[in-house]
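K.L.:
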Amino acid sequence: MVMDIITKGQHCLSAAESGSDKPLFVLIDYENIQTEDLSCLSQPDMHLLLFIGALQTKISTKLALQMQALGSRAQYIQIEGTGQNALDMCIAHHTGFILARMPSARFLIISKDKGYDPLIQFLTKRGVPINRRHHLGLPLPSRGLRSAQQPPPLKLDTQRILEMLKKHDKSRPASRQSLISWTMNKVSSNKITMSAEKIITDLEKNGVILFDGKRVVYSLP
Numbered sequence: 029m030v031m032d033i034i035t036k037g038q039h040c041l042s043a044a045e046s047g048s049d050k051p052l053f054v055l056i057d058y059e060n061i062q063t064e065d066l067s068c069l070s071q072p073d074m075h076l077l078l079f080i081g082a083l084q085t086k087i088s089t090k091l092a093l094q095m096q097a098l099g100s101r102a103q104y105i106q107i108e109g110t111g112q113n114a115l116d117m118c119i120a121h122h123t124g125f126i127l128a129r130m131p132s133a134r135f136l137i138i139s140k141d142k143g144y145d146p147l148i149q150f151l152t153k154r155g156v157p158i159n160r161r162h163h164l165g166l167p168l169p170s171r172g173l174r175s176a177q178q179p180p181p182l183k184l185d186t187q188r189i190l191e192m193l194k195k196h197d198k199s200r201p202a203s204r205q206s207l208i209s210w211t212m213n214k215v216s217s218n219k220i221t222m223s224a225e226k227i228i229t230d231l232e233k234n235g236v237i238l239f240d241g242k243r244v245v246y247s248l249p
């Protein structure tokens, strides 16, 4: 299944490489949003990956005809597994796969699922133009603009905690709860006015940390 997905991704990428130097990839979470109108994807630098859940056995004739009209710019990707977040992980995988091949690519995820936001924040911090929307419609992201979800600069208290984390390279908190406790301790002992909860939220919004379940994933600048 993984090789099949990669093969489909390569087919879509090869079509994109002959177009714009900043192609737009639209990734639709069809489990979450059953979009019907693809008319805004008319430009040759726009490419669609439609992710379908394992238990979804039907799509509308209207959507199928529009997918067919897009030709090699559109791909169906059906997920085999039914585990929690299986489709989300597949979208994340394809985003990384495309970026590895085409660093100039832009991305638009169509989903109401806020679970994509940490990924979006992580990539945005690294200059990748990526957004999430509840619907597919005009206007689509501008070719020359970065993501509208560019996070604000770290607050001063957050920067202080960040510097402390950098100094604890081999002993950083590994779990969500241990990070909360560690941050609360640093807030108290260093007379920091901002709460531990707000500091952690600020770090997460800026892509400095990500939570993989209970585990903390660090990406310190």
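Counting from 1 along the sequence shown, just add 28 to a position and that's the residue number in our numbering. Backbone N, C-alpha and C define an ideal beta-carbon position, used for all residues, glycine too. Predicted, not measured: the structure shown is a model, and the values here were computed from it.
1) Residues bridged to alanine 102 by DSSP?
2) Using CA coordinates, which residue listed in Glu191, Ser88, Gly99, Leu136 is at the minimum distance from leucine 55?
3) Along the chain, where does the beta strand (DSSP E) that runs through isoleucine 148 open and close?
4) Start and end of the alpha helix (DSSP H) containing asparagine 213?
5) What residue range does the beta strand (DSSP E) around aspartate 230 cover?
6) With respect to the beta strand (DSSP E) encompassing arginine 188, which residues constitute its N-terminal and C-terminal limits?
7) Which class does leucine 83 belong to by DSSP, given the choice of helix, strand or coil?
8) Within 10 angstroms of the Cβ of cysteine 68, are there 16 or more other Cβ atoms? Answer buried if so, exposed if not.
9) Given that a residue counts as buried once 16 or more other Cβ atoms are within 10 Å of its Cβ, and exposed if not, what is asparagine 234?
P.N.:
Considering the structure as presented:
1) Your numbering for residue 102 matches position 74 in the sequence shown. In the DSSP output, where bridge partners are listed per residue, alanine 102 has Leu76.
2) Residue mapping note: residue 55 aligns to position 27 of the sequence shown, counting from 1. Nearest neighbour of leucine 55 by Cα position, chosen from Glu191, Ser88, Gly99, Leu136, turns out to be Leu136.
3) For the purposes of this step, residue 148 is taken as residue 120 along the sequence shown, with counting starting at 1. Run containing isoleucine 148: none in the beta strand (DSSP E); it sits in the alpha helix (DSSP H), 145 to 153.
4) Locating residue 213 in the sequence shown gives position 185, counting from the first residue. Run containing asparagine 213: 204 to 217, per the alpha helix (DSSP H) assignment.
5) As a first step, residue 230 is located in the sequence shown; it is residue number 202 there, counting from the start. The continuous stretches of beta strand (DSSP E) do not include aspartate 230, which lies in the alpha helix (DSSP H) extending over residues 224 to 233.
6) By 1-based counting over the sequence shown, the position of residue 188 is 160. No beta strand (DSSP E) contains arginine 188, which is instead part of the alpha helix (DSSP H) from 184 to 195.
7) Looking up residue 83 in the sequence shown gives position 55. Note: leucine 83 maps to coil in three-state DSSP.
8) Position 40 of the sequence shown holds residue 68. Per the 10 Å Cβ criterion, exposed.
9) Residue mapping note: residue 234 aligns to position 206 of the sequence shown, counting from 1. Asparagine 234 is buried by the Cβ-count criterion.
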